[in-house]
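In UniProt numbering, the protein residues as written are 1 to 254.
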């Protein structure tokens, strides 16, 4: 089993993804603002992938983040699966864990797709992938929190953080969709990426961008939570497996 290989630190995949997001976003924002491609006041993160040169960095950031984030989540799924199998014979929690695995895999594909299909030429497809990504994250956070609370010891703090993230995702997603649809009929601007306060739909799209930033920040925090949970409970499982192996060896020697 891959969890038993001591040379591998599974939580590092999520940490690398976290590092990519924390370093990449400010750099892309600075480059886009410096080149006057976007407004400095709450631009859409998706607008980073429209104009060169930042769009190339956006592609690299989104692709590498999705790869490492998905890999980190798959290690988390394996830890949860092993823990559930040791504590319960019910197939329901394993099925829920499989749903989370599927959701986060779809999320990874959406993140890659967002870096390929920009909001300039593929606006509707880009919007659908954005909503799908946030939906997958929100549902995964909630379902994963239920499994953590049920099967893992000392997980109350993780559950509280997950609950807070779920609330943030719900309200931010509602605001994102609402202001997007209310802003479109009022949209009256020469450049949607550099709108003026006097342009029609300006404040609706500012609020929509704010909601997007909150959801992206929540996804980044979720990556950190996955790293911490993987590190804590992965080590615990490895110690348990090591003790069980030692016990079996002693019994064989006797």
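Glycine included, C-beta positions come from ideal geometry on N, C-alpha and C.
If you draw a straight line from the C-alpha of residue i to the C-alpha of residue j, how long is it?
i           : j           : result
residue 38  : residue 203 : 15 Å
residue 19  : residue 222 : 13 Å
residue 72  : residue 227 : 7 Å
residue 106 : residue 136 : 7 Å
residue 160 : residue 190 : 45 Å
residue 52  : residue 196 : 22 Å
residue 55  : residue 63  : 12 Å
residue 74  : residue 84  : 15 Å
residue 176 : residue 30  : 24 Å
residue 181 : residue 187 : 10 Å
residue 16  : residue 183 : 36 Å
residue 201 : residue 185 : 8 Å
residue 214 : residue 81  : 30 Å
residue 100 : residue 198 : 44 Å
residue 44  : residue 26  : 13 Å
residue 110 : residue 147 : 25 Å
residue 170 : residue 119 : 23 Å
residue 157 : residue 205 : 35 Å
residue 192 : residue 133 : 23 Å
residue 131 : residue 211 : 12 Å
residue 97  : residue 77  : 7 Å
residue 234 : residue 32  : 40 Å
residue 113 : residue 149 : 33 Å
residue 123 : residue 129 : 10 Å
residue 9   : residue 224 : 15 Å
residue 250 : residue 86  : Bear in mind that a pLDDT of 34 at residue 250, under 50, signals an unreliable position, so the number given afterwards is only what the model happens to contain. Rounded to whole angstroms, residue 250 to residue 86 spans 21 Å at the Cα level.
residue 47  : residue 153 : 42 Å
residue 216 : residue 165 : 11 Å
residue 35  : residue 28  : 11 Å
residue 92  : residue 143 : 12 Å
For my contact list, residue i and residue j are in at a C-beta cut-off of 8 Å; report their separation, rounded to the angstrom.
i           : j           : result
residue 49  : residue 59  : 7 Å
residue 22  : residue 174 : About 26 Å; that fails the 8 Å criterion.
residue 139 : residue 103 : 6 Å
residue 230 : residue 11  : 4 Å
Go to residue i, then tell me how far its alpha helix (DSSP H) extends in each direction, as first and last residue.
i           : result
residue 107 : 92 to 116
residue 125 : 123 to 151
residue 24  : 11 to 34
residue 60  : 54 to 87
Q) Mind pulling the alpha helix (DSSP H) runs of 4 or more residues that sit fully within the region 154 to 208? A) 156 to 186
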